[in-house]
Structure formats: structure tokens, C-alpha cells
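Residue numbering for the sequence shown follows numbering that gives the first Met the number 0, starting at 0 and increasing by one per position. No residue lacks a Cβ here, since even glycine has one placed at the ideal position from N, Cα and C. Please read these numbers as outputs of a predicted model, since none were measured by experiment.
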Amino acid sequence: MTMQKITSAATSLKQVPAILRLIDKDCKDPAMFWDRNDVVLDYGGGKYDELTSALAERRVANMIYDPYNRTEDHNNRIREALTNEGADVALCSNVLNVVRESEARREILRDIKRMIKPDAFVIFTVYEGNKSSRGRKTSKGWQANRPTRNYAREIKKEFRSVKVLGKLIYAQSPI
């Protein structure tokens, strides 16, 4: 795996990520969406379990995979479980925007593909920063400052169906 020159470990926040609120807002019937999806891959989910608790209230199992904020043993168990079974949905919230290297972002997308079912949705959010597309080092790591729609081009290299809806990017059908 391509190593990040600027680690993203310090970007983990102790909060339910906004992606959950955005999905609920976007879905006509969020309960139907979550009820049919038993297992979620939270790729780059950080060191806190706030999303896991929020999804448990919806009877959804959240499996966090994060090479910078979880142990190697934890990540190996998640990878093994999901490589065999596959997640019904994958969430990748504010991950791509903190990874400077394009090859590392591409490897993240490929890694997600290995841990989902063939018909799974992958839902991305990114923190857009100032939207200048001029990345910079921050006190906590890297921030790309790219608008959400700019990430769709990278995601389309790995998924056949990619739609940008406001601050969400929905991807499906891995290539």
C-alpha cells in the first residue's frame, strides 16, 4: 500500500459523522435504506465508535476499518470478515480529502471494493475546506480543499455508477 507522506491519524473526530445525517436527509425513507443493509463498512472510520453506536440503534452492524487509528489485529479481523461476506454498504467519510497522494486514494477505493458485496452502495463525503483545490498541510495532517464533485472523477475509475448529490457521492458497481 502506498504510504501517506502526511499521516491522517490526527483527523479522527469524536462525533457521529455528518454523512449519517446527509444520508437520512437524502433518502426518502431512511429506515427502509438501513433496514435492508445489515453490515456497513466504515472505511477510515477513525478511533471512536460514535457511528457504530448510532447505527446499532438502527439494528445495523458497523465495521470500522482504519489503518491509522485501529490496531493491525482489528483491521485484519475486519478485512477477513468482509472479504468473505462483503458489506452491504460502505461509508467513506472525510477520508479522500486528507490523503495527499492520488495513488494512495486509488488504493483506498480498490480496498473498499474488496470488502463489499457486488451490489453494495459506497457513499463518500469529503470536507471541501475552502474549495480552492490548493491542498495544504494543516496542524492535523493534510487538507486537499477540493469541491466534492472533483472526487467523482477518481471514483469513476473504480466504479461504473457514480452520482454526486449535494455533499454525497454515491458509487456502485465496482469495475
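Could you give the C-beta distance for residue i and residue j, rounded to a whole number, given that I count them as a contact under 8 Å?
i: F158; j: P173; result: 6 Å
i: K156; j: T124; result: Going by Cβ atoms, the distance from K156 to T124 rounds to 19 Å, so no, they are not a contact pair.
i: T10; j: K130; result: Not confirmed; about 18 Å, so no contact.
Helix, strand or coil: which one does DSSP assign to residue i?
i: K162; result: strand
i: N61; result: strand
i: D23; result: helix
i: I18; result: helix
i: P29; result: helix
i: D72; result: helix
i: V94; result: coil
i: S11; result: coil
i: I174; result: coil
Is the beta carbon of residue i sitting closer than 8 Å to the one on residue j?
i: L108; j: I154; result: yes
i: S160; j: A151; result: no
i: L19; j: A55; result: no
i: L50; j: P16; result: yes
i: A89; j: Y47; result: no
Restricting to Cα atoms, I'd like to know which of the options is closest to residue i.
i: G44; options: E84, K130 and I122; result: I122
i: A86; options: Y67, L40 and E102; result: L40
i: P66; options: A60, R58, R57 and I77; result: I77
message = Which runs of the beta strand (DSSP E) at least 3 residues long sit entirely within the region 106–151? Give them in chain order.
response = For the region 106–151, the continuous beta strand (DSSP E) assignments of 3+ residues that do not extend past its boundaries occur at 115–124, in sequence order.
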